[in-house]
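This report refers to the structure that appears directly beneath it.
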Amino acid sequence: MSAAQARSAELEKLIQADPGRFRVLTGDRPTGRLHLGHYFGTLHNRVRLQGLGVEMYVIIPDYQVLTDRDVADNLTGHVEDLVLDYLATGVDPARSTIFTHSSVPALNQLLLPFLSLVSVAELSRNPTVKDEIAHSRQSFVSGLMFTYPAHQAADILFCKADLVPVGQDQLPHLELTRTIARRFNDRYGNGTPVFPQPDALLSSAPLILGTDGTKMSKSRGNAIALSADADETARLLKGAKTDSERHITYDPAGRPEVSSLLLLAALCLDRTPQQVAADIGSAGAAALKKTVTEAVNEYLAPIRARRAEYAQDRAYLRQILRDGNERARAVADTTLAEVRAAMNSHY
Ligand code: ATP
Ligand code: MG
Numbered sequence: 006m007s008a009a010q011a012r013s014a015e016l017e018k019l020i021q022a023d024p025g026r027f028r029v030l031t032g033d034r035p036t037g038r039l040h041l042g043h044y045f046g047t048l049h050n051r052v053r054l055q056g057l058g059v060e061m062y063v064i065i066p067d068y069q070v071l072t073d074r075d076v077a078d079n080l081t082g083h084v085e086d087l088v089l090d091y092l093a094t095g096v097d098p099a100r101s102t103i104f105t106h107s108s109v110p111a112l113n114q115l116l117l118p119f120l121s122l123v124s125v126a127e128l129s130r131n132p133t134v135k136d137e138i139a140h141s142r143q144s145f146v147s148g149l150m151f152t153y154p155a156h157q158a159a160d161i162l163f164c165k166a167d168l169v170p171v172g173q174d175q176l177p178h179l180e181l182t183r184t185i186a187r188r189f190n191d192r193y194g195n196g197t198p199v200f201p202q203p204d205a206l207l208s209s210a211p212l213i214l215g216t217d218g219t220k221m222s223k224s225r226g227n228a229i230a231l232s233a234d235a236d237e238t239a240r241l242l243k244g245a246k247t248d249s250e251r252h253i254t255y256d257p258a259g260r261p262e263v264s265s266l267l268l269l270a271a272l273c274l275d276r277t278p279q280q281v282a283a284d285i286g287s288a289g290a291a292a293l294k295k296t297v298t299e300a301v302n303e304y305l306a307p308i309r310a311r312r313a314e315y316a317q318d319r320a321y322l323r324q325i326l327r328d329g330n331e332r333a334r335a336v337a338d339t340t341l342a343e344v345r346a347a348m349n350s351h352y
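Add 5 to a position in the sequence shown, counting from 1, and you land on the number used in the numbering used here.
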């Protein structure tokens, strides 16, 4: 078990004992529809935490779409898609604040002092930034991409979140958020910390692979969207990369593609991947894909039905964002006032 997973297990105990003491920030870039990696990596955890009574903020970071591409295509459509995915999977806008990054100016102002607290070397050795640059659609690395971890620190700290349910790819970002919080407190806190040092909360599936065997991502063409229909899901899974070994076994290190498919089936069926593998045995990759397809389609059927219902009412989606943005702005204004007071910049 990794250190981050061990810490997540510890956090689970603290959450169960006193959910009211935690505040969560999570979010997804509006770059496309949410997929199975999001669901089992973080969404499921978010809904569970919301159910326990943890206060939750869900950011839709629209500026950050521009980190790795030149234009933010179909932004409104992608934002609405995210809200639909949230509603369909159980995020409740009455209990959780769903908001768009660009609508909260005070949040974005935190970026300036935060950038002053990190070195160029720290930004350039961030492995997630390196990976995202490698997959970027730009011919050069923009300043926005380079400073991505500092924006994320602003996203998380504007509401003083102390818990961030994320997939594994986000751990280096979160480490830098902790560093920024600590340095801000040391430099400006006068003995009273302004910001918490937030913890990552990993799920039991912190890295779901896509059909090509790399991290499932909205923008890599390898994802199975929650909102895909049953036929599309079957077609995509049929084309998923496996290996030439006919006997199916769960071995995440040695057989990552087969194991990720087994894990998906297991999560949908509420079984262990080893049990699913044992049932398939020597029936091969085709049988594995059939099992996964059936399991995923059955699991997602009610989520897809709810999504289709919510999609009828675009005005309601807009209202959710207007309400969420108003709540987020009030929180950000309070935090920025505190930050400016700590920095002696209120006139
Ligand atoms: P993009 O390709 O635009 O970067 P993405 O699919 O990587 O999109 P993000 O919006 O970057 O999605 O990530 C949102 C959240 O979902 C993050 O917490 C991230 O860790 C988690 N997540 C994304 N993909 C996966 C995955 N394949 N497995 C587990 N968690 C994931
Ligand atoms: Mg990503």
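Note that beta-carbon positions come from the ideal geometry of N, C-alpha and C, so glycine has one too.
### Task
Along the alpha helix (DSSP H) that carries residue 119, what are the first and last residues, could you check?
As a first step, residue 119 is located in the sequence shown; it is residue number 114 there, counting from the start. Where residue 119 is concerned, the enclosing alpha helix (DSSP H) stretches over 116-120.
#### Entry: Bridge partners - residue 32, DSSP secondary structure assignment
Reading the sequence shown from its first residue, position 27 is the one you call residue 32. The partner list for residue 32 (beta bridge, DSSP) reads 64.
#### Entry: In chain order, each beta strand (DSSP E) run of at least 3 residues that lies wholly inside the stretch 129-174
Segments of the beta strand (DSSP E) lying fully in the stretch 129-174: 168-170.
### Task
Please look up how many angstroms separate the CB atoms of residue 105 and residue 67, rounded, as I've assumed it's under 8 Å.
As a first step, residue 105 is located in the sequence shown; it is residue number 100 there, counting from the start. As a first step, residue 67 is located in the sequence shown; it is residue number 62 there, counting from the start. About 5 Å; that satisfies the 8 Å criterion.
### Task
Per DSSP, which residues does residue 104 bridge with? Please list them.
In the sequence shown, the residue the question calls residue 104 occupies position 99. As a beta-bridge residue in DSSP terms, residue 104 pairs with 64.
### Message
What residue range does the alpha helix (DSSP H) around residue 206 cover?
### Response
For the purposes of this step, residue 206 is identified with residue 201 of the sequence shown, where counting begins at 1. It is not in any alpha helix (DSSP H) - residue 206 instead sits in the beta strand (DSSP E) that spans 204-206.
#### Entry: Completely contained alpha helix (DSSP H) runs for the stretch 225-270, where each covers 4 or more residues
235-243
### Query
How about residue 48 and residue 102: are their beta carbons less than 8 Å apart?
Translated into positions along the sequence shown, residue 48 becomes position 43. Translated into positions along the sequence shown, residue 102 becomes position 97. Taking 8 Å as the Cβ cut-off, residue 48 and residue 102 do not qualify as a contacting pair.
### Query
When the distance is taken between beta carbons, is residue 159 closer than 8 Å to residue 28?
Position 23 of the sequence shown, counting from 1, holds the residue named residue 28. Position 154 of the sequence shown, counting from 1, holds the residue named residue 159. No.
### Task
Tell whether a beta-carbon distance below 8 Å holds between residue 218 and residue 225.
Here residue 218 is taken as the residue at index 213 of the sequence shown, counted from 1. Here residue 225 is taken as the residue at index 220 of the sequence shown, counted from 1. Not closer than 8 Å, so no.
### Euclidean distance between Cα positions of residue 71 and residue 35
As a position in the sequence shown, residue 71 is number 66, starting the count at 1. As a position in the sequence shown, residue 35 is number 30, starting the count at 1. Rounded to the nearest angstrom, the two C-alpha atoms are 10 Å apart.
#### Entry: Given residue 38 as reference, the closest of 81, 62, 76 once Cα atoms are compared
Taking the sequence shown and counting its residues from 1, the one referred to as residue 38 is at position 33. Nearest of 81, 62, 76 to residue 38, Cα basis: 81.
### Distance, residue 100 Cα to residue 304 Cα
Along the sequence shown, one-based indexing puts residue 304 at 299. Along the sequence shown, one-based indexing puts residue 100 at 95. The alpha-carbon atoms of residue 304 and residue 100 are separated by roughly 25 Å.
### Query
Under three-state DSSP, which class holds residue 40?
The count along the sequence shown starts at 1 and reaches residue 40 at position 35. Of the three classes helix, strand and coil, the one that applies to residue 40 here is strand, per DSSP.
### Task
Would you mind sorting residue 192 into buried or exposed? The rule is 16 or more other CB atoms within 10 Å of its CB.
The sequence position of residue 192 within the sequence shown is 187, counting from 1. Exposed, by the Cβ-count rule.
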